[in-house]
Every structure is written in structure tokens, then in C-alpha cells.
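Okay, structure first, notes after.
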Amino acid sequence: MTRPIPLEVQESIKALFSQSWSLRAIQNFFPDLSLSVLSRYRKKFFGNSKQAKPGRRSLMTTQDMNYIERNLHNGNLDGPKGVQWFKPKRKVKANFVRAENRAKRLAWANRHRHLTTDDWRKWGFSDETRINMADRPTELLPHQTEAQVQGDGGGVVFWGMITAEGPSYGSTITEGTVNSEVYAEILELSLQDTMAYYGFDKKTFRFQQDNARPHTSGATKRCFRHHGYSLDTVLDWPVQSPDLNPIEHVWHQLKLRLNKYPTRATTISELEERIEREWYKFTKEDCLKYIDSMPRRINAVIRSRGGPTRY
691 MTRPIPLEVQ
701 ESIKALFSQS
711 WSLRAIQNFF
721 PDLSLSVLSR
731 YRKKFFGNSK
741 QAKPGRRSLM
751 TTQDMNYIER
761 NLHNGNLDGP
771 KGVQWFKPKR
781 KVKANFVRAE
791 NRAKRLAWAN
801 RHRHLTTDDW
811 RKWGFSDETR
821 INMADRPTEL
831 LPHQTEAQVQ
841 GDGGGVVFWG
851 MITAEGPSYG
861 STITEGTVNS
871 EVYAEILELS
881 LQDTMAYYGF
891 DKKTFRFQQD
901 NARPHTSGAT
911 KRCFRHHGYS
921 LDTVLDWPVQ
931 SPDLNPIEHV
941 WHQLKLRLNK
951 YPTRATTISE
961 LEERIEREWY
971 KFTKEDCLKY
981 IDSMPRRINA
991 VIRSRGGPTR
1001 Y
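When you line the sequence shown up against the numbering used here, it's residues 691 to 1001, in that order.
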């Protein structure tokens, strides 16, 4: 006999069916469930009645139509033929870059434009990210939402690094923030253990970090010197440049994976266990996919003359 699906997951599936989601769309959220199982539960919830289909979505939003109407009235669009080739575009979110930092980003990109994918594979890209137990409702599945008081419900800061051989040992900070003392401990443990595990040579391996204050403090510099890292290379990173760091895309994927759990983590320790479990699922091939995007990122910064990019 087939093992029944947990009630909370059934409620989530039912809610998605009620919103006219297709079987395949729901399966993307629940890859362990086959299409036949989902079809059986749809019949259980709604019988043989057909769900009302919303019809084809309009190609234009209300804002698009208002914009066209305005421009027809003021003469910027010339009748039906002018409207025919109208193509609205959604604004792309990009990191803010101050005018004085654009020149620095452009100069850095030009200095590194000659590097090949093989060169970039000698780098390790690191960063921290905040992960909360309660994210925004729009990022949750229906069964994960419930009434709550204002706040994020607590969370952790996670440090990690991606290399051409795979992910680093991760560090989870469950209390407070990352200061110089905490960061030095991360370098002593997670970074050094990763270097030893993969057999990286400090003479050829390039460690990357951003310019956050704990990363550039006197204590941090002493730690780097003690372990034989070159400060000239470690501290050589342009400000306001998350789009140049491929690990930002890994954070996005990590949070998507955490969000697919049937229930939210209710304790910090449970959240920590989930993060560790999902982090070490990233493979060497996953990391290479993001690291190998560096030449394209460099070219994007050069094309934008140091400004924001699509990354």
C-alpha cells in the first residue's frame, strides 16, 4: 500500500490546485511525487469536476495599456502601426553603484579581462548570507504560512566558499553578527580545513572576499599574514560588486532549496541542520557552472563602464 502524503503537504497541494496550477508545475515543488500520485489527489480533492481555467494571460498589464493610451494622445505613438511594435520591458533589479565606484569597478575589470576560465578556477569565492526561519510569505508555499507577530522569527548567518573542486566547509553563526573575531575564527577553521581537504596551494590559490569591515580589519590582516596569504591579492576586490561574485547565485539556490521543505524550521538548531544538509549537496559541477561565468561578468562590467550589470 502506498504511504499517504502528510496532511500539511496535502493542504499545500490542494491550495495550488485551487489556484489552477498544473500537475507539472506542482511537481516542480514536490519532485518526489509522481504525476499519477498528484492526479489521484486532485481527484480526491475535487472529484471528477473540471477546474475552471483562467484563460490565456493578457500580454499587457494595466500599466502597459495606460502607457500606450497616454502616448497615443500626446502623439508619441502613431496609431495602430505605432502600437504594433510596442514591447514593454520589466525593469531589471541591479545593485546600486555610486558614481565614484564605477571607475574603480571598470579599472578592476580591465585588469582581469585577460583571465580565462582556467585562471578563474584557481579562485575561491566566499561570502556570508543571512538566512531567517521566517521569510516573506510570497517566498513560501501555502502550507508554510501562518499568522505571526512582526519580525523574522530569528535566523543565522552562514559563511561559505565555492571552489573549482566543490563547496568549502561552511560556518554557521547562530548568535550575533560577523565581527573581526568571528571572521578570524572562520578563516582559522573553515578556510584552512578547506585548503587542506582539497590540497590547495596558497601560492597558486586566490582567496576572494568583499570589503566588509570585518574582512579588512587589523586582526583579519594579521590572520592572513600568519597563514601566508598575500594581502595585495586578498584585499583586491572592487567595492559595491556583488554582481562579480558568483557565490551570490549559490545563496539564491540554497534558499530555494531550504524553502522547499514541507514545514519551516522552528528552532535555530533545526535551521542549522537544514542549511548544512543542503549546502553539502552542491557538487563540483554546480560550483564550476558559476565560477565559469566570471569572464562574462567581467565583460558585462566593462560594457556598462563600471555600472550595474544583469548579474
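Here a beta-carbon is modelled for each residue, glycine too, at the ideal position from N, C-alpha and C. Note that the structure is predicted; figures quoted are calculated from it, not measured.
{"query": "Lys-945 Cβ short of 7 Å to the ligand PLP heavy atom set", "result": "The ligand PLP is absent from the structure shown, which contains no ligands of any kind."}
{"query": "Three-state secondary structure assigned by DSSP to Thr-819", "result": "strand"}
{"query": "Reduced DSSP secondary structure (H/G/I, E/B, other) of Phe-897", "result": "strand"}
{"query": "contact_flag[the stretch 871-883, the stretch 897-915] where n(CB pairs < 8 Å) is 3 or more", "result": "yes"}
{"query": "Per-residue burial, Phe-736 [other beta carbons within 10 Å of its own, 16 or more giving buried]", "result": "exposed"}
{"query": "Classification of Tyr-980 by the beta-carbon crowding that lies within 10 angstroms, buried from 16 upward", "result": "buried"}
{"query": "Tyr-919 beta carbon less than 8 Å from that of Phe-897", "result": "yes"}
{"query": "Distance between Leu-706 and Asp-648 (C-alpha atoms, nearest Å)", "result": "No answer is possible for residue 648: it lies beyond the span of the chain, which begins at 691 and ends at 1001."}
{"query": "Backbone secondary structure at Gln-840 - three-state DSSP", "result": "With a pLDDT of only 41 at Gln-840, under the threshold of 50, the placement of this residue in the model should not be trusted; the figure read from the coordinates follows. Three-state DSSP puts Gln-840 in coil, outside helix and strand."}
{"query": "Residue range of the unbroken alpha helix (DSSP H) whose run includes Phe-707", "result": "697-708"}
{"query": "Gly-661 (DSSP reduced to helix, strand or coil)", "result": "No information on residue 661 is available, as it lies outside the stretch 691 to 1001 that the chain covers here."}
{"query": "Residue closest to Glu-865, alpha-carbon to alpha-carbon, out of Arg-820, Arg-1000, Pro-904, Asn-949", "result": "Arg-820"}
{"query": "Boundaries (first-last residue) of the beta strand (DSSP E) holding Thr-908", "result": "Residue identity check: residue 908 is Gly in the sequence provided, not Thr. Here Gly-908 belongs to no beta strand (DSSP E); instead the alpha helix (DSSP H) covers 908-916."}
{"query": "Rounded straight-line distance, which links the Cα of Gly-765 to that of Ser-983", "result": "44 Å"}
{"query": "Sub-8 Å separation of Leu-796 and Arg-993 beta-carbons", "result": "no"}
{"query": "Rounded separation between Pro-952 and Phe-895 - CA only", "result": "40 Å"}
{"query": "For Thr-853: DSSP bridge partner residues", "result": "Gly-856"}
{"query": "Outcome for Met-755 when other beta-carbon atoms lying within 10 angstroms are tallied against a minimum of 16", "result": "exposed"}
{"query": "Proximity of Val-846 and Leu-961 at Cβ, strictly below 8 Å", "result": "yes"}
{"query": "Identity of the residue in Gly-997, Thr-999, Arg-987 nearest His-802 by Cα", "result": "Arg-987"}
{"query": "Coil, strand or helix - Trp-813 by DSSP", "result": "strand"}
{"query": "C-alpha distance - Glu-829 paired with His-916, whole-angstrom precision", "result": "Because Glu-829 carries a pLDDT of 49, less than 50, the predicted location of this residue cannot be relied on, and no value is offered for it."}
{"query": "Reduced DSSP category for Phe-720 - H, G, I as helix; E, B as strand; rest coil", "result": "coil"}
{"query": "For Ser-861, three-class secondary structure by DSSP", "result": "strand"}
{"query": "Minimum C-alpha distance to Asp-900 - residue among Val-929, His-942, Val-727", "result": "Val-929"}
{"query": "Rounded distance between the beta-carbons of Val-940 and Ile-852, thought under 8 Å", "result": "6 Å"}
{"query": "Where Asp-808 falls, given that 16 or more other Cβ within 10 Å makes a residue buried", "result": "exposed"}
{"query": "Buried versus exposed call for Phe-815 [16 or more other C-beta atoms within 10 Å across all chains shown]", "result": "buried"}
{"query": "For Trp-813 and His-905, the rounded distance between their alpha carbons", "result": "17 Å"}
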